[in-house]
Amino acid sequence: MIATAAAALVLAPVTPAAAETVGADERAEGLWHVDMLGLDAVQAEGATGEGVTIAVIDTFINPDVPELQGADVQVRGSTCADPETGAPRQIVSDDPALAAHGTNVVSMLVGTGQAGDGGPGARGVAPDAEVWFYGVGSLDAADPEHCALQDPTVEADGIDLTRDISWFAGEVEENIQGLGDLTSLAARAAIRDGADVISMSVLSGSSANWEQVAFESMIAEVPIVFGVLNPLRELMLPAGPIGTNGLFPVNAIERDGRLLTDRETGKSSGMLSNNIAVAAPGDQLLGVGAADGWGPTLIAGTSYATPITAAAVALALEQHPEATPFQVMQAVLRTTGTGGVHDIEWAQDRLGAGYLNVPELLAAEPRDFPDENPQWVTSLEDPRCVDAEGTEGHIDESNGLPRCHWTTGPFPEGLEKYRAVYVDGEPITTLDEPIETPYSKPPTDAGAEAQTGREPSTASSPLWTPVAVGAVSLVGLAAAGVIVWRSAARRARSRGRSEERGEAS
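Read in order, the letters of the sequence shown are residues -19 to -1, 1 to 486 in mature numbering (1 follows the signal peptide of the UniProt record, and there is no 0).
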């Protein structure tokens, strides 16, 4: 379902396959999250996500389903291209076997609540938000023969995210070979595009891919919300974004508040995840279709708790435009449960900081909270680094690597090393030879230009390349100038929302 060993990359959605088509009389049961989250009152008071952009990373989408008519859904592109022609793989489809998952995810964000027969349909938490969809294509064709990495955001003469820089073994390198991963590339593309929050319900890639994404997320202050594993039927090794420091993993709960559970095995969702941020509704929700057809359907999985959480973040960003994104994420974790504002308390039962509480989130003042990512562990002395046996965070004497129960990394030292290249333009050195990259400082004379050594490769890049055991495939991140500009654009949009509502800028 996710990446396992370092070089073994697997792509999969995080939802169970089963879904149940329901009639009009049964659909109200699938809208239980509307009551639990207080959406009627919240939306009636004007919290609809207007002016906020949510990026969705998934497989395919069918924007023509009735429940999305009138919603602002933009298909931004695919990270998968035909290796022979370079043409982007099609990610818009009316085939429910392909597009039901991604379309259900989007319906949790901006579904109108009306099905094609005029009866109740999937209802979104932030119906007026703008959704940008980034597709990764078919799960059955995510291999080098069928899929080459493509940057859907690259402009003419711009920086191609498939061939800029990579993060490997604690160092920043030039990504000459164009190695990488579909979903992490989509996340970086969404950040470069200027998304306010990212919702991801497909998992793939190596830990190095996602450490690099975490760096970009931290620098740009774009929260990345993703679904943890559903109840497992077989043992899997954690990789991809699982365990990545600074991201926001979401677990799913059933109507009675229990974790999403497989009735046959008794296993519940969130296994292998020690840094879950929050839990949200993710069972027996009213969706738009299943693999065998379109129509009102009951769906379940962390895939759907994820966009519900991302949409709640969008509501808070809309209602508190002067707060920073990380202050809003502080508010998400400080308003869980039913107790109003409180200190963050991470549970050991895979509920993270607790149940998502939208009314309390919107009632809180995020600017009262620290302007820092609440999921980012900065010290091995952090209590979250202590495991169930009482072993504290420490440096492993055998390899010199940090060990923390909460996260596999990255850590502040890596962030600062990456930030120096990403933002400050520090030259990148590969094999002791200075390499001119889009991040290097402009040469001051012909002599400096001559020291670049070689030009970046323009050969087509494979999606995955076999490497030695313990190694990982890599892909680079966006340019500093682009990311700074996009951050400024987000701030400008926030000021615009404040002015529209008569608030101080």
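Every residue gets a Cβ at the ideal spot worked out from N, C-alpha and C, and that includes glycine. Predicted model only: the values in this text are computed from it and were never measured.
Express the C-alpha separation of residue j and residue i in angstroms, rounding to a whole number.
i: residue 274; j: residue 34; result: 29 Å
i: residue 16; j: residue 136; result: 44 Å
i: residue 201; j: residue 306; result: 10 Å
i: residue 384; j: residue 193; result: 19 Å
i: residue 403; j: residue 352; result: 21 Å
i: residue 325; j: residue 176; result: 26 Å
i: residue 188; j: residue 224; result: 8 Å
i: residue 50; j: residue 29; result: 16 Å
i: residue 94; j: residue 48; result: 6 Å
i: residue 151; j: residue 361; result: 17 Å
i: residue 171; j: residue 179; result: 7 Å
i: residue 138; j: residue 161; result: 21 Å
i: residue 99; j: residue 6; result: 12 Å
i: residue 393; j: residue 155; result: 21 Å
i: residue 374; j: residue 390; result: 12 Å
i: residue 380; j: residue 101; result: 57 Å
i: residue 133; j: residue 294; result: 25 Å
i: residue 313; j: residue 338; result: 8 Å
i: residue 243; j: residue 316; result: 29 Å
i: residue 147; j: residue 61; result: 19 Å
i: residue 330; j: residue 282; result: 18 Å
i: residue 126; j: residue 291; result: 34 Å
i: residue 265; j: residue 10; result: 8 Å
i: residue 377; j: residue 345; result: 41 Å
i: residue 119; j: residue 323; result: 43 Å
i: residue 196; j: residue 262; result: 29 Å
i: residue 18; j: residue 204; result: 21 Å
i: residue 398; j: residue 363; result: 22 Å
i: residue 441; j: residue 92; result: Confidence in residue 441 is poor, its pLDDT being 26 and thus under 50, which makes the residue's placement unreliable; the coordinate value appears in the next sentence. C-alpha separation (whole angstroms): 39 Å.
i: residue 128; j: residue 371; result: 45 Å
i: residue 246; j: residue 332; result: 20 Å
i: residue 248; j: residue 396; result: 36 Å
i: residue 54; j: residue 401; result: 36 Å
i: residue 114; j: residue 25; result: 27 Å
i: residue 66; j: residue 77; result: 27 Å
Can you name the start and end residues of the alpha helix (DSSP H) that residue i belongs to?
i: residue 340; result: 339 to 344
i: residue 195; result: 188 to 201
i: residue 400; result: 393 to 403
i: residue 172; result: 163 to 174
Could you spell out where the beta strand (DSSP E) holding residue i opens and where it closes?
i: residue 336; result: Counting along the chain, residue 336 falls outside any beta strand (DSSP E), and DSSP gives it neither H nor E.
i: residue 252; result: Note, residue 252: premise wrong, no beta strand (DSSP E); not H, not E.
i: residue 207; result: 205 to 208
i: residue 234; result: 229 to 234
i: residue 223; result: No beta strand (DSSP E) holds residue 223; DSSP gives it neither H nor E.
i: residue 178; result: 178 to 181
i: residue 358; result: Looking at the DSSP string, residue 358 is not in any beta strand (DSSP E), and its letter there is neither H nor E.
i: residue 102; result: 101 to 104
i: residue 259; result: 259 to 262
What do you reckon, are the CB atoms on residue i and residue j nearer than 8 Å?
i: residue 231; j: residue 206; result: yes
i: residue 112; j: residue 37; result: yes
i: residue 181; j: residue 213; result: no
i: residue 303; j: residue 348; result: yes
i: residue 130; j: residue 166; result: yes
i: residue 289; j: residue 56; result: no
i: residue 365; j: residue 13; result: no
i: residue 280; j: residue 260; result: no
i: residue 319; j: residue 208; result: no
i: residue 256; j: residue 387; result: yes
i: residue 185; j: residue 159; result: no
i: residue 73; j: residue 340; result: no
i: residue 254; j: residue 227; result: no
Just checking my contact of residue i with residue j at CB under 8 Å: how many whole Å lie between their CB atoms?
i: residue 103; j: residue 238; result: About 22 Å; that fails the 8 Å criterion.
i: residue 272; j: residue 81; result: 6 Å
i: residue 164; j: residue 117; result: 6 Å
i: residue 84; j: residue 270; result: 7 Å
i: residue 356; j: residue 229; result: 6 Å
Taking 8 Å as the CB-CB cut-off, is residue i touching chain B?
i: residue 117; result: The chain inventory of the structure shown lacks chain B, comprising one protein chain alone.
Any heavy atom of the ligand MN closer than 7 Å to the Cβ of residue i?
i: residue 260; result: Within the structure as shown, the ligand MN is missing, as the structure has no ligands at all.
- [ ] Any chance you could list the beta strand (DSSP E) runs of at least 3 consecutive residues sitting entirely within the segment 269 to 343, in chain order?
- [x] For the segment 269 to 343, whole beta strand (DSSP E) runs of length 3 or above, ordered along the chain, are 274 to 280.
Open item on the list: So within the segment 17 to 95, which uninterrupted alpha helix (DSSP H) runs reach at least 4 residues, ignoring any that extend past its ends?
Closed with: 20 to 25 and 77 to 91
TODO: Scan the segment 111 to 153 and note each continuous beta strand (DSSP E) run of 3 residues or more that stays entirely inside, going in chain order.
DONE: 111 to 116 and 146 to 149
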